[in-house]
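Colleague:
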Amino acid sequence: MKQALEHIVAQAVREAFNHELAVELTRPEEQFGDYATNVALQLAGPLEQNPREIAETLAASLRDNHADVLESVEVAGPGFLNLRLSQHALRDSLNTQPERSLSGQKIVVEYSDPNPFKVLHAGHLYTSVVGDAIANLLENAGAEVHRVNFGGDVGLHVGKTMWAIVNEFGGELPDKLADIPESDRSDWMAAAYVRGTQAYDEDEAIKPEIVALNKRVYELHATNDHDSAFAQIYWTCRQWSYDYFDSFYARIGSHFEKYYPESDTAQIGLETVREHIADGVYQDSDGAVIFDGDKYGLHTRVFINSEGLPTYEAKDVGLSILKAHDYHFDRSIIITANEQEQYMQVVLKSIEQFAPELAHATTHLTHGMVKLKGGVKMSSRKGNFLRAIDVLDVAAEASKSLGQTADEEVVLGAVKYAFIKNRMGGDIIYDPAESVSMEGNSGPYLQYAHARARSILRKAAIGETQLSDFDEGERSLARKLSEYTEVVERATRELMPHHVCTYLYELAQSFNRFYEHNRVIDDPRQAQRLQLVTLYATALKSGLGLLGITAPETM
RNA sequence: GCACCCGUAGCUCAGCGGAUUAGAGUACUUGGCUUCGAACCAAGGGGUCGCAGGUUCGAAUCCUGCCGGGUGUACCA
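Its first residue numbered 82, the first sequence is counted upward by one per residue in the working numbering.
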């Protein structure tokens, strides 16, 4: 409907003023109408006419030619045009069917990116949640979406963890792995990483040992060694990490079709970087291979270190090439924490030098850190970090202490909604109690709103009736419902799922206001109103679905 | 030092070129349930939109400078 109206207004402008203009309609406050546009103000300059007069001319034209769609057209303020939809036009704009604007497009979305041999922390949960929402939005718009994951199964951090494990075992003794209970594996490796990092930073004698172990890990891959004692420890621990990731993703409802380990991207990254030394993209410097980002207003980074090993930079180059090779995508979206923003610019700028189309098809989105409200201290035993599962546990506890359910469905809904509702970019302050509360702008509130609407619908049979003209209260709700597709379209276009949260909450408020003053069951307008309640419940469920949040029938 | 991100009600955040009165949630004050789930609704107090300039008919929104916070800045990921 919005697009059709924009077309209509553009046509009116064309006919009246012989002027081409990209018309943009906005949603004004309800008192002003259903749509508004400031085209008259935009035209005032070029046409050298009074904006109000331009607006009056356009209003008259729209009233004369489109009375079927527009109930009223009014000029307001300095020259705004306020449009109010006719009953049938409003009825026609009530649907939650997505516009398949991205159909035919192949999009790879990479997010989450936890590293084996390290902790799966709150930040990974955050990216996973927003990444899912963004992927869902793209898919909803008709794109062929591929969700992929990337993580460091090789690299210095692995050397650190391996060093600590070997140190703890008193040698390369894979049999000792059997002593680690399954439920402790993840935390045990995370703790080893913490010890390894400490040793690396504080003990000059150990540092070279860890560097050597890092190199040995690369060798395991190069020689396909699965048998040596060191190899057995490495592969077993790597698998433990992957198993843990899988179970966590299953728990939160994330699904990745492919996991790129860095060991797969390291070689191709290394080769690609070396290949482009000759043409001057990368260059030797102090025994390392760098990309001179300063030339482009960025900063310089090392892609191959003086040990001859690829750094994360080269592995990311390799990953880009692998993803392009595997998917032949139209667009690649990478979601990471914002501390990688400038790093990624350097990597992409270097790729742009030899594969401009690949760099230009890539979008890097970033988000901030997850911080617990009140700065709850994590125990040093856990390494001073907030694990992903800690967030879920804290939410479950908060729910219980409010005397509510700690059902996984509700806890996940609470956490996901709390994460997504903020615009991506800055850090988010996570308040467990607020997130699980059924009062206010929260996931459980919307789940409850859905359950409540479904409850009404269960009490009465819905006939085959068509929607008829709305009365005042119905119209207000209908108008809010009609915004659904526009909001989803915007969230998709801007890759900002938080718009969906804002809208769903407003929709629920709009419904509650309607419901407060209008009877549904046993009212003469029951059939009509049940249709609206149905549309409302559907919108809530679809919208929550896009956010990766379930909409229960009862709570 | 330089680069990037962020500074909006006590707190947590939307709004990111438009509408007499800058919006939500929360917290606080008050009113509303013998009726479809009141986990709701209605009303009230609370803001020099970090500061100062500039562009514009119009700036929380764009530009510049400053202040404050965060992050990054050569062999970590």
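All C-beta atoms in this analysis are idealised placements derived from N, C-alpha and C, irrespective of residue type, glycine included.
Have a look at 243, 112 and 108 and flag the residue whose alpha-carbon is nearest the alpha-carbon of residue 118.
Modeller: For residue 118, the nearest C-alpha among the options comes from 108.
Colleague: Report the start-end ranges of each alpha helix (DSSP H) in the region 103-162 that is 4 residues or longer and not cut off at the edges.
Modeller: Complete alpha helix (DSSP H) runs here, min 4: 120-128 and 132-146.
Colleague: Please look up how many angstroms separate the CB atoms of residue 497 and residue 628, rounded, as I've assumed it's under 8 angstroms.
Modeller: Contact flag correct, Cβ pair sits at about 6 angstroms.
Colleague: By a C-beta neighbour count over all protein chains shown, 10 Å radius and 16 as the cutoff for buried, is residue 461 buried or exposed?
Modeller: Any reading at residue 461 is ruled out, since the residue's pLDDT is 39, under 50, leaving its predicted position unreliable.
Colleague: Mapping the DSSP letters down to three states, classify residue 275 as helix, strand or coil.
Modeller: Residue state, collapsed to three classes: helix.
Colleague: Would you report the Cα separation of residue 466 and residue 479, rounded to the nearest angstrom?
Modeller: Those two C-alpha atoms are separated by around 19 angstroms.
Colleague: Using the rule of at least 16 other Cβ atoms within 10 Å of the residue's Cβ for burial, across every protein chain shown, is residue 382 buried or exposed?
Modeller: The residue in question, residue 382, is buried, as its Cβ has 16 or more Cβ neighbours within 10 Å.
Colleague: Given a threshold of 16 other Cβ atoms within 10 Å of its Cβ, counted over all protein chains shown, does residue 304 qualify as buried or as exposed?
Modeller: Exposed, because fewer than 16 other Cβ atoms sit within 10 Å of the Cβ of residue 304.
Colleague: Taking only runs that begin and end inside the region 186-227, name each unbroken beta strand (DSSP E) of 3 or more residues, in chain order.
Modeller: If we require 3 residues or more, the beta strand (DSSP E) runs fully inside the region 186-227 come out as 187-191.
Colleague: Under 8 angstroms: do the region 316-329 and the region 354-367 share three or more Cβ pairs, one atom per stretch?
Modeller: No: the two stretches stay apart, fewer than three of their Cβ pairs being nearer than 8 angstroms.
Colleague: Below 8 angstroms on the Cβ atoms is my contact criterion, and I expect residue 399 with residue 350 to pass it. Report the Cβ-Cβ distance as a whole number of Å.
Modeller: Confirmed, Cβ separation roughly 3 angstroms.
Colleague: Check whether the Cβ atoms of residue 215 and residue 190 lie closer than 8 angstroms to each other.
Modeller: Yes, the Cβ-Cβ distance between residue 215 and residue 190 is below 8 angstroms.
Colleague: Excluding five sequence neighbours on each side, which residues of the same chain lie with their C-beta closer than 6 angstroms to the C-beta of residue 463?
Modeller: With a pLDDT of 42 at residue 463, under the threshold of 50, the modelled position of that residue is not reliable, and the figure given next carries that caveat. The answer is none, since no qualifying residue turns up.
Colleague: Taking buried to mean at least 16 other C-beta atoms within 10 Å of its own C-beta, is residue 549 buried or exposed?
Modeller: By the 10 Å Cβ count, residue 549 comes out exposed.
Colleague: Quick one: residues in its chain with C-beta nearer than 6 angstroms to the C-beta of residue 477, no 5 flanking neighbours on either side, listed in chain order?
Modeller: So the list reads 487 and 492, once near-sequence residues are dropped.
Colleague: Based on the DSSP secondary-structure assignment, which residues constitute the bridge partners of residue 169?
Modeller: BP columns for residue 169 are empty, so no partner.
Colleague: Given a threshold of 16 other Cβ atoms within 10 Å of its Cβ, counted over all protein chains shown, does residue 458 qualify as buried or as exposed?
Modeller: Caution is warranted here: a pLDDT of 47 is assigned to residue 458, below 50, making its placement in the model unreliable, and no coordinate value can be reported.
Colleague: Compute the Euclidean distance between the alpha carbons of residue 435 and residue 404, then round it to the nearest angstrom.
Modeller: Whole-angstrom Cα-Cα distance: 16 angstroms.
Colleague: Taking the alpha carbon of residue 242 as the point to measure from, which residue in 285, 300 and 314 has its own alpha carbon closest?
Modeller: Checked all of 285, 300 and 314; the closest Cα to residue 242 is 314.
Colleague: Taking the beta carbon of residue 475 as the centre, do at least 16 other beta carbons fall within 10 Å, making it buried, or is it exposed?
Modeller: Residue 475 is buried by the Cβ-count criterion.
Colleague: For a test of the three-state rule: what should DSSP assign to residue 363, helix, strand or coil?
Modeller: Coil.
Colleague: Given the structure, does residue 609 come close to the ligand MG, in the sense that its CB is under 7 angstroms from one of the ligand's heavy atoms?
Modeller: You won't find the ligand MG in this model; it holds no ligand whatsoever.
Colleague: May I have the straight-line CA-CA distance separating residue 514 from residue 162, to the nearest angstrom?
Modeller: Whole-angstrom Cα-Cα distance: 44 angstroms.
Colleague: Residue 288 to residue 416, Cα distance in whole Å?
Modeller: Approximately 32 angstroms, taken between the alpha carbons.
Colleague: Beta strand (DSSP E) containing residue 81: first to last residue?
Modeller: Outside the shown range of the chain, which is 82 to 636, sits residue 81, and nothing can be said about it.
Colleague: Is the beta carbon of residue 508 sitting closer than 8 angstroms to the one on residue 452?
Modeller: It is a contact, given that the beta carbons lie within the stated cut-off.
Colleague: In its own chain, which residues sit with a C-beta less than 7 angstroms from the C-beta of residue 226, not counting the 5 before and 5 after it?
Modeller: Closer than 7 angstroms at Cβ, skipping near neighbours: 188, 190, 216, 219 and 220.
Colleague: State the CB to CB distance for the pair residue 160 and residue 140, rounded to an integer number of angstroms; the pair is presumed to be in contact (CB under 8 angstroms).
Modeller: Contact doesn't hold; Cβ gap of about 10 angstroms is too wide.
Colleague: Relative to the alpha-carbon of residue 414, which residue among 125, 620, 229 and 166 has its alpha-carbon at the smallest distance?
Modeller: Residue 414 has its Cα closest to that of 229, out of 125, 620, 229 and 166.
Colleague: For a minimum of 3 consecutive residues, which ranges assigned as the beta strand (DSSP E) are wholly contained in the region 491-545?
Modeller: Whole beta strand (DSSP E) segments, 3+ residues: 509-511.
Colleague: Any chance you could list the alpha helix (DSSP H) runs of at least 4 consecutive residues sitting entirely within the region 376-436, in chain order?
Modeller: Runs of the alpha helix (DSSP H) inside the region 376-436: 393-408 and 422-435.
Colleague: Considering only residues of the same chain and omitting the five flanking positions on each side of residue 396, which have a CB-CB separation below 6 angstroms?
Modeller: Answer for residue 396: 343, 346, 347 and 350, listed in chain order.
Colleague: Quick check: what's the CA-CA separation for residue 106 versus residue 99?
Modeller: Those two C-alpha atoms are separated by around 20 angstroms.
Colleague: Using a 10 Å radius around the Cβ and a threshold of 16 neighbouring Cβ atoms, would you call residue 213 buried or exposed?
Modeller: Buried, because 16 or more other Cβ atoms sit within 10 Å of the Cβ of residue 213.
Colleague: Return the CA-CA distance between residue 447 and residue 602, expressed in angstroms with no decimal places.
Modeller: For residue 447 and residue 602, the distance between alpha carbons rounds to 47 angstroms.
Colleague: Cα separation between residue 484 and residue 328?
Modeller: Cα to Cα, residue 484 sits roughly 28 angstroms from residue 328.
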